[in-house]
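**Q** Going by our numbering, the first residue of the sequence shown is number 264, and it counts up by one from there.
We put the beta carbon where it would ideally sit given N, CA and C, even for glycine.
As the structure is a prediction and not an experimental result, all values here were calculated from the model.
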Amino acid sequence: MTFDTALQHLEHVPHIPPDRGKLLYEFIRKQQPRHILELGFAHGTSACYMAAALEENGEGRITTIDSVVAKGREPDIHTLLERTGLGAFVDPVFAERSYTWELMKLLERHTHEGRTEAQFDFVFIDGGHTWDSDGFSFLLADRLLRPGGWVLFDDVLWTPAESAGEDWVEAMPAEERDTAHVEKIFNLLVVPHPSYDSFEFDGTWAWARKTPDAVTAAADRSDVVSAIYEQTSAARRSFLVRRYLKKLFRIGG
Ligand SMILES: C[S@@+](CC[C@H](N)C(=O)[O-])C[C@H]1O[C@@H](n2cnc3c(N)ncnc32)[C@H](O)[C@@H]1O
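(1) Taking just the CA atoms, how far does Glu-319 sit from Arg-406?
(2) Only counting the same chain, and skipping five residues up and downstream in sequence, which positions put a Cβ closer than 7 Å to that of Pro-226?
(3) In three-state terms, what does DSSP make of Phe-401?
(4) Please classify Phe-462 as buried or exposed, where buried requires at least 16 other C-beta atoms within 10 Å of its C-beta.
(5) Rounding to the nearest angstrom, what Cα-Cα distance links Gly-243 and Val-453 in this structure?
(6) Asp-395 and Thr-467 - do their beta-carbons sit closer together than 8 Å?
(7) Within the stretch 298–375, note down every full alpha helix (DSSP H) run reaching 4 residues or more, in order along the chain.
(8) Looking at the unbroken beta strand (DSSP E) that takes in Asp-460, where does it start and where does it end?
(9) Taking just the CA atoms, how far does Leu-344 sit from Phe-352?
(10) Would the C-beta of Ser-396 count as close to ligand 1, meaning under 7 Å from any of its heavy atoms?
(11) Using only alpha-carbon positions, find the residue among Leu-366, Gly-391, Glu-429, His-373 that is nearest to Leu-402.
(12) In its own chain, which residues sit with a C-beta less than 7 Å from the C-beta of Gly-377, not counting the 5 before and 5 after it?
(13) Looking at the C-beta of Leu-408, does it have a partner C-beta in chain D at a distance below 8 Å?
(14) Give me the Cα-Cα distance between Leu-273 and Arg-283, rounded to the nearest whole angstrom.
(15) Hey, out of Ile-325, Gln-271, Trp-364, whose CA is closest to Thr-347's CA?
(16) Hey, Pro-355 and Phe-290: beta-carbon distance below 8 Å or not?
Here it is, written out as C-alpha cells:
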C-alpha cells in the first residue's frame, strides 16, 4: 500500500502524526525488515503505517503489544486493520498488565536448551516511556533482535511531568517526574552497549543498529540446562513435600 493511501485512513487517528508516519514508512521500505516488534500500539496507527510498508515490500509481519485497556480505544486496532485491509501483516497482543510480561513469554517461546533464537529485525519502543518499563523492555527486546536489526525509541525527551495530574505521575519523586526517561535509556543502556552502533537522534526519535557481528546465542548449553533443570525440579519437589507436611501437622495438631 502506498504511503498516500495509508494516510487517507490514518491521518486523523492518534497518536503518530503523518510526518512521523512517513518517516516510519520510509524506514521500513529502506531497511526491509521482515519481522517487527512494536511495544505500544494504542489505536494501531503506527502499526498500520508499518504494515502498509511491509505490503509494499512484499512480505513481513508485525507483533505489536499494548495493554488490554487498548481494546477500549476508539477506533481500536482491529477496526483500523479492517479499514486499511492490512490485518494479514499485524498480530496484536493485549497484555493483561504489561508488555514486559509478554516479552518474557516470547523469550520463553524462543529459548531452547539455553539458547535464545533472535526473531526480530526491527523493534519500535513507543509505550510507557519510563525507565522501569522501557529500560527493561529494551534489555529484553535486545535478546530477540537479530544482528543487523534496528531499535527505535519514540519521545526521547518526554518527561512524566508533561502528564502532570495523572496518579502514576503524582506518585513519582520530583526528580523522576522531571527526567526524560527514554533519554536515560538511550544514553545509558543503548549507546554504551557493545553490540550497538549507528546511533541517530532527530530531536524526537532515536535509532540504533545492532551490529551485524553481534553475538546473540551462547555456545551449546544443553548439558548445563538439564543439570539446572534437575536441581530446580528436585528443590521444588522437596519444597512441596515440606509445605504439605507442615500443613498436615498443623491440621492434625
Ligand atoms: C503513545 S501510545 C502508542 C502510540 C502508537 N505507537 C502510535 O504511534 O500510534 C503508548 C501506548 O503504550 C501503552 N503502554 C504503556 N505502557 C505499557 C506497558 N507497560 N504494557 C503495555 N502497554 C503499555 C499504552 O497503553 C499506550 O496505548
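**A** Put simply:
(1) Distance between the alpha carbons of Arg-406 and Glu-319: 28 Å.
(2) Since the displayed the chain opens at 264 and closes at 516, residue 226 lies outside it and no answer follows.
(3) The three-state reading of DSSP puts Phe-401 in helix, counting H, G and I together.
(4) So Phe-462 counts as exposed.
(5) As shown, the chain starts at 264 and ends at 516. That puts residue 243 outside it, with no answer to give.
(6) Their beta carbons are not under 8 Å apart, which means Thr-467 does not touch Asp-395 by this criterion.
(7) The stretch 298–375 contains these whole alpha helix (DSSP H) runs: 308–320, 340–347, 362–372.
(8) Per DSSP, the continuous beta strand (DSSP E) segment holding Asp-460 begins and ends at 459–464.
(9) When only Cα atoms are considered, Phe-352 and Leu-344 end up about 9 Å apart.
(10) For ligand 1, at least one heavy atom lies less than 7 Å from the Cβ of Ser-396.
(11) Comparing Cα positions, the closest option is Leu-366.
(12) Ala-481, Arg-484, Ser-485, Val-487, Val-488.
(13) Among the protein chains of the structure shown there is no chain D, as only one such chain exists.
(14) Linking Leu-273 to Arg-283 through their CA atoms gives a straight-line distance of about 12 Å.
(15) Closest option to Thr-347, Cα to Cα, is Gln-271.
(16) Their beta carbons are not under 8 Å apart, which means Pro-355 does not touch Phe-290 by this criterion.
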